[in-house]
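Written below as structure tokens is the structure these notes are about.
In this note's numbering, the protein residues as written are 19 to 394.
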């Protein structure tokens, strides 16, 4: 739906009624149009958006399909964070900052103890103050990880991008930056390149660097518990295993963005690398890992956030779990071939099978194992 501008909807200039009937009719028209979407709904505006958009619960509105950030919404002053450090709680800029802080906590899952405001940096001969900083722990030392510069709504961010870049250049540990005015978002990495989003919180960002995992072998349904030191990811500590059998490690690239629900675009960027024992994979096979989004495979013990080990191949046997490409989108489903028809079956009764032909899909690989994070 395009052109949802404040001057276009509601179009009060063509109405003479003052009883609200026309505005109610316009609102219903827009909402009926929204219900026509079957997969995704895009709302666009140039200039000031229609007030009908701001009436929608912001939790249902994402700024962009590639980011976790919701559209701007107001935080009441009694719920402001870091009140003791704020100089002007009534400023328009503070409203944007409090929205960002709440998004970091609610959608990106960062604990408030890792956040701070007015973070001082030595910017050449001058002292600067970063509006919001996200810190993490490396070797149990707290270091800045994300710098965020905020401006009042609709102030524009291009003119402030250089300031963000200069702040990031003063902190070697700062890997990501965000500039926003509550309307536009601009994410950059440590190479000052524009990216789609910034990372969400991981337990490894806290002082302890040990992570607990369980590997589920989908072929034998055998579980192997192990620990990994995030600062030395190539060495694993195993529970009740013969270390001599598991000393040879295989490094797998981890990709994010495969859907265990409706198909979505697969992010081809390597998110991280993960080592597992070679004995857990087929000899001489090409393998990679994918971080799952969604819950359509929960009855196969594959949950949101799990890392699925994929053996790269373009064929599959009936009832194997496969990573599939559907016109540039990817999904994880159970492969069932019935004559000329292929059913991509979910493992959750809340989802419908996807009915395709061989020409409509291509197999990216077969799932052979799942790595699950364990909270101790």
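The beta-carbon is built from N, C-alpha and C at its ideal position, and this holds for glycine as well.
Quiz item: Name the DSSP bridge partner or partners of residue 380?
Solution: Taking the first residue of the chain shown as 1, we reach residue 380 at position 362. The partner list for residue 380 (beta bridge, DSSP) reads 343.
Quiz item: Exposed or buried, which one is residue 49 when buried takes at least 16 other CB atoms within 10 Å?
Solution: Translated into the one-based positions of the chain shown, residue 49 becomes position 31. The residue in question, residue 49, is exposed, as its Cβ has fewer than 16 Cβ neighbours within 10 Å.
Quiz item: Going straight from the alpha carbon of residue 62 to that of residue 23, what length do you get?
Solution: Your numbering for residue 62 matches position 44 in the chain shown. Your numbering for residue 23 matches position 5 in the chain shown. Roughly 8 Å separates the two Cα atoms.
Exercise. Could you tell me the boundaries of the beta strand (DSSP E) in which residue 311 lies?
Key: The residue given as residue 311 occupies position 293 in the chain shown. Note, residue 311: beta strand (DSSP E), 305-311.
Practice problem: Check residue 28 in the structure and name its three-state DSSP category. | Solution: Start at 1 with the first residue of the chain shown, and residue 28 comes out as number 10. Reduced to three states, the DSSP call for residue 28 is coil.
Quiz item: Can you name the start and end residues of the beta strand (DSSP E) that residue 136 belongs to?
Solution: In the chain shown, residue 136 corresponds to position 118, counting from 1. Its beta strand (DSSP E) spans residues 133-141.
Self-check item: Helix, strand or coil at residue 37 [DSSP, three-state]
Solution: Taking the chain shown and counting its residues from 1, the one referred to as residue 37 is at position 19. If DSSP states are grouped into helix, strand and coil, residue 37 belongs with coil.
Exercise. Kindly list the residues whose CB is nearer than 8 Å to the CB of residue 379, restricted to its own chain and excluding five residues on each side of it in sequence; keep chain order.
Key: Along the chain shown, read from residue 1 onward, the residue named residue 379 stands at position 361. Cβ neighbours of residue 379 beyond the five flanking positions: 342, 343, 344, 360, 362.
Practice problem: Would you check if the region 364-371 and the region 309-318 touch, i.e. whether three or more CB-CB distances between them fall below 8 Å? | Solution: yes
Quiz item: Are there 16 or more other CB atoms within 10 angstroms of the CB of residue 25, so buried, or fewer, so exposed?
Solution: One-based indexing of the chain shown puts residue 25 at position 7. That one is exposed.
Self-check item: C-alpha gap between residue 55 and residue 78, whole angstroms
Solution: As a first step, residue 55 must be located in the chain shown, where it is residue number 37. As a first step, residue 78 must be located in the chain shown, where it is residue number 60. About 14 Å.
Quiz item: Is the region 234-242 touching the region 87-106 in the sense that three or more CB pairs, one from each, lie closer than 8 Å?
Solution: no
Self-check item: Per-residue DSSP class, three states only, for residue 115
Solution: Along the chain shown, one-based indexing puts residue 115 at 97. Three-state DSSP puts residue 115 in a helix.
Practice problem: Specify the secondary structure class of residue 238 as computed by DSSP and reduced to three states. | Solution: By one-based count along the chain shown, residue 238 stands at place 220. It is coil, neither helix nor strand.
Quiz item: Which one or two residues does DSSP pair with residue 153 in a beta bridge?
Solution: Along the chain shown, read from residue 1 onward, the residue named residue 153 stands at position 135. 162, per the DSSP bridge assignment.
Exercise. Sort 324, 116, 180 by Cα distance to residue 390 and report the nearest one.
Key: Position 372 of the chain shown, counted from the start, is the residue given in the question as residue 390. Considering only alpha carbons, the answer is 324.
Quiz item: What residues are listed by DSSP as bridge partners for residue 195?
Solution: Position 177 of the chain shown, counted from the first residue, corresponds to residue 195. According to DSSP, which records beta bridges pairwise, residue 195 is partnered with 165, 206.
Practice problem: State the DSSP-derived secondary structure class of residue 146, mapped to helix, strand or coil. | Solution: Stepping through the chain shown from its first residue, residue 146 is reached at position 128. Note: residue 146 maps to strand in three-state DSSP.
Quiz item: How many angstroms separate the CA atom of residue 27 from the CA atom of residue 227?
Solution: Translated into positions along the chain shown, residue 27 becomes position 9. Translated into positions along the chain shown, residue 227 becomes position 209. Taking the straight line from one Cα to the other gives about 53 Å.
Quiz item: Would you report the Cα separation of residue 282 and residue 60, rounded to the nearest angstrom?
Solution: Indexing the chain shown from 1 puts residue 282 at position 264. Indexing the chain shown from 1 puts residue 60 at position 42. With a pLDDT of 46 at residue 282, under the threshold of 50, the modelled position of this residue cannot be trusted; read the value that follows with caution. Residue 282 and residue 60: Cα-Cα distance of roughly 15 Å.
Quiz item: What first and last residue would you give for the alpha helix (DSSP H) that runs through residue 72?
Solution: Reading the chain shown from its first residue, position 54 is the one you call residue 72. That run of the alpha helix (DSSP H) goes 69-72.
Practice problem: Sort 387, 174, 65 by Cα distance to residue 433 and report the nearest one. | Solution: It is not possible to answer for residue 433, since the shown part of the chain is limited to 19 through 394.
Practice problem: Classify residue 266 as buried or exposed, calling it buried when 16 or more other Cβ atoms lie within 10 Å of its own Cβ. | Solution: Translated into positions along the chain shown, residue 266 becomes position 248. Result: exposed.
Quiz item: Between the region 166-173 and the region 112-124, do at least 3 Cβ pairs fall closer than 8 Å?
Solution: yes
Quiz item: What is the residue span of the alpha helix (DSSP H) that residue 186 lies within?
Solution: In the chain shown, the residue the question calls residue 186 occupies position 168. 176-187 is the span of the alpha helix (DSSP H), which, as asked, contains residue 186.
Self-check item: Cross-strand partners of residue 213 (DSSP beta bridge)
Solution: By 1-based counting over the chain shown, the position of residue 213 is 195. DSSP, once it has assigned bridges, lists 205 as partnering residue 213.
Practice problem: Report yes if the CB atom of residue 182 is closer than 8 Å to the CB atom of residue 205, and no otherwise. | Solution: Sequence index remark: in the chain shown, residue 182 carries index 164 (1-based). Sequence index remark: in the chain shown, residue 205 carries index 187 (1-based). No.
Self-check item: Cα-Cα separation, residue 190 to residue 74
Solution: If you number the chain shown from 1, residue 190 lands on position 172. If you number the chain shown from 1, residue 74 lands on position 56. Cα to Cα, residue 190 sits roughly 40 Å from residue 74.
Quiz prompt | Beta bridge counterpart(s) of residue 271 as assigned by DSSP | solution = Residue mapping note: residue 271 aligns to position 253 of the chain shown, counting from 1. 291, per the DSSP bridge assignment.
Practice problem: For residue 176, collect the residues of the same chain with a Cβ closer than 7 Å to its Cβ; drop the 5 residues on either side in sequence, then sort them by chain order. | Solution: Taking the first residue of the chain shown as position 1, residue 176 is located at position 158. Answer for residue 176: no residue qualifies.
Exercise. Flag this pair as touching only if the region 135-149 and the region 81-89 have three or more C-beta atom pairs under 8 Å; answer yes or no.
Key: no
Quiz item: Should residue 375 be labelled buried (16 or more other beta-carbon atoms within 10 Å of its own) or exposed?
Solution: For the purposes of this step, residue 375 is taken as the residue at position 357 of the chain shown. Looking at its Cβ environment, which holds fewer than 16 other Cβ atoms inside 10 Å, residue 375 is exposed.
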